[in-house]
Amino acid sequence: MRLKIGMGTLVAIFGCVALLVGQSSPQVVAIRAGRLFDGKSDHLVTDQVIIIKGDRIEQVGPATSVKIPSGAQVIDFSHATVGPGLIDGHTHVFETGDIPRDLLTTSPQYRMLEALVAGQADLKAGFTTIRDLRSMGAMYGDADLRNAINRGLVQGPRMQVASRGINSTGSYGLKGYSPTLSLPRYSIDVDSPWEARKAVRELLFNGADLIKVDDTDYFYFTPDGHFWTMPTLAKEEIIAIVDETHRRGAKVACHAFGGEGLQNCVDAGVDTLEHGMDMDDATIKKMVDKGIYTTATLYHYLLDEHRDLEKTDGKYSLYRTACESYGRKVKAGVKIAFGTGVGPFPHGTQVKEFASMVKCGQTPAQAFRSATSVAAEMMGWQDRVGSIEPGKFADLIAVSGDPIADITELERVKFVMKGGQIVRNDLK
17 MRLKIGMGTL VAIFGCVALL VGQSSPQVVA IRAGRLFDGK SDHLVTDQVI IIKGDRIEQV
77 GPATSVKIPS GAQVIDFSHA TVGPGLIDGH THVFETGDIP RDLLTTSPQY RMLEALVAGQ
137 ADLKAGFTTI RDLRSMGAMY GDADLRNAIN RGLVQGPRMQ VASRGINSTG SYGLKGYSPT
197 LSLPRYSIDV DSPWEARKAV RELLFNGADL IKVDDTDYFY FTPDGHFWTM PTLAKEEIIA
257 IVDETHRRGA KVACHAFGGE GLQNCVDAGV DTLEHGMDMD DATIKKMVDK GIYTTATLYH
317 YLLDEHRDLE KTDGKYSLYR TACESYGRKV KAGVKIAFGT GVGPFPHGTQ VKEFASMVKC
377 GQTPAQAFRS ATSVAAEMMG WQDRVGSIEP GKFADLIAVS GDPIADITEL ERVKFVMKGG
437 QIVRNDLK
């Protein structure tokens with residue numbers, strides 16, 4: 017006898033199965049931490065347990081008071097240090113080689129694969145979250161990569177993206193190439209406040225999370241050691257960009273080395289100042305008063321110095337100039353978030369930024385916080401990442417030693433977890 021099942025019965029059966037699957041209990045993981053840095057403190061606490069349910073932290077506290085649930089997967093890092101996943105607040109995943117050459121010789125699809133590999137290298141180094149500040153001629157490909165990661169199509173860090181950015185005609189980008197070549201521009205070029213507002217609208221409409229604006233271009237040291245850099249946009253254009261962006265609930269990151277362009281960004285009230293290697297005390301005070309964050313990208317300049325890219329007779333260098341300003345920013349209380357500008361140098365190696373941050377004035381704990389809770393606050397994501405607290409994403413790293421005693425321990429991350437999923441574990 018053949019059993020007859022109607023369509024209504026099949027729908028009911030599959031509906032029940034789907035309901036049961038949806039109600040299945042998420043995986044529970046317990047991590048024993050011999051030492052723990054929570055992302056907000058100046059010190060480590062010992063003998064801690066972190067309970068993770070699904071992609072979130074459910075509980076954290078001393079091993080004597082946190083009970084490990086029956087059946088939980090236990091990861092024993094009793095002889096290691098556990099901390100929040102790191103955040104790099106200034107990356108370029110689409111910058112992995114010679115950009116002008118790549119635009120001429122490779123397809124957008126190939127560059128997308130390169131960007132994915134770059135993001136994965138950052139993730140494996142411990143950076144579970146990044147803020148990517150220009151798509152380097154890839155148009156809105158960074159938004160597509162972010163979406164693919166968020167939807168689980170590919171593995172990668174959490175991303176905020178700026179896409180094309182905003183600039184003025186005749187500055188920053190692909191110089192020295194024939195105007196007859198049809199190459200994607202690094203940025204949207206604007207030449208009036210109204211064009212600037214239109215660019216903001218276009219960028220946010222096409223998926224940018226924030227606006228990146230370039231307000232200085234080339235630079236040099238004069239023979240007497242004065243640092244000079246060319247401003248790009250007019251002050252009225254910067255004011256329009258900041259106003260339009262804030263009206264739409266987004267933030268503005270300003271690329272500025274020093275001089276008039278930097279002053280214009282600070283006066284206009286940008287949310288973050290990128291680089292800012294040449295700053296006087298009055299400008300630093302303005303940043304403190306306005307609550308403007310900064311990323312310094314010190315390691316990038318150190319590499320430039322080693323490559324003999326110093327200006328004039330070698331007496332002056334970007335790294336020494338930036339390091340001196342950095343120390344004054346630290347003393348004044350500027351909110352410093354970890355940011356490296358990685359891309360011109362290999363992705364995954366930006367952990368070396370920590371050593372320069374400490375050398376130039378921060379304590380190891382301050383530097384660690386810069387890459388965790390401070391960077392999360394800069395991005396407006398302090399409710400989800402940047403510290404080890406119940407309710408936040410289970411984004412974690414682990415190292416063998418004590419990064420508060422030796423910040424270079426963060427160059428040797430051996431365990432990475434993002435959203436409760438283990439990315440790498442070399443502490444087995």
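The sequence shown stops at residue 444 when you use the numbering used here, and every number in between is there.
Heads up, the beta-carbon is just placed ideally off N, CA and C, and yes, glycines get one too.
What first and last residue would you give for the beta strand (DSSP E) that runs through Met-303?
Premise fails: Met-303 lies in the alpha helix (DSSP H), 297-306, not in any beta strand (DSSP E).
Please determine if the stretch 116-127 and the stretch 278-285 are in contact, where contact requires at least 3 C-beta pairs separated by less than 8 angstroms.
no
Segment limits, alpha helix (DSSP H) that includes Glu-253
251-263
In the DSSP assignment, the beta strand (DSSP E) including Tyr-126 goes from what residue to what residue?
It is not in any beta strand (DSSP E) - Tyr-126 instead sits in the alpha helix (DSSP H) that spans 124-140.
Based on Cα-Cα distance, which residue from Phe-354, Asp-422, Gly-186 lies nearest to Ser-389?
Phe-354
Using only the alpha-carbon positions, how far apart do Arg-263 and Gly-357 sit?
28 angstroms
What does DSSP give as the partner residue(s) for Asp-104 in the beta ladder?
Ile-146
Which two residues bound the contiguous beta strand (DSSP E) that contains Thr-9?
Because the chain spans 17 through 444 in this model, residue 9 falls outside it and cannot be assessed.
In terms of residues, what are the limits of the beta strand (DSSP E) holding Cys-270?
268-272
Less than 8 angstroms between the C-beta atoms of Glu-260 and Arg-201, yes or no?
no
Taking 8 angstroms as the threshold (beta carbon to beta carbon), is Gly-343 in contact with chain D?
The chain labelled as chain D is not found in the depicted structure, where only one protein chain is given.
Nearest to Lys-408 by CA position, among Ile-420, Gly-77, Val-90, Pro-100, is which residue?
Pro-100
Consult DSSP for Pro-8 and reduce its assignment to one of helix, strand or coil.
Since the first and last residues shown for the chain are 17 and 444, residue 8 lies out of range.
DSSP three-state assignment for Thr-337, whether helix, strand or coil:
helix
Going by CA-CA distance only, name the one from Ala-414, Gly-55, Ser-333, His-108 that's closest to Pro-239.
Ser-333
Could you have a look at Gly-275 and say whether DSSP puts it in helix, strand or coil?
helix
What are the partner residues of Ser-184, as DSSP defines its beta bridges?
Val-206
Taking Ala-49 as the reference, which of His-59, Val-76, Asp-58, Gly-70 has the closest Cα?
Val-76
Is it the case that the Cβ atoms of Asp-230 and Ser-203 are separated by a distance below 8 angstroms?
yes
Integer Cβ distance of His-108 from Gly-364, believed to fall under 8 angstroms
Between Gly-364 and His-108 the Cβ distance is about 13 angstroms, and since that is not below 8 angstroms, they are no contact.
Phe-431 versus Thr-62: straight-line alpha-carbon distance, rounded:
18 angstroms
Identify which residue in Gly-274, Lys-140, Pro-124 has its Cα closest to the Cα of Asp-104.
Lys-140
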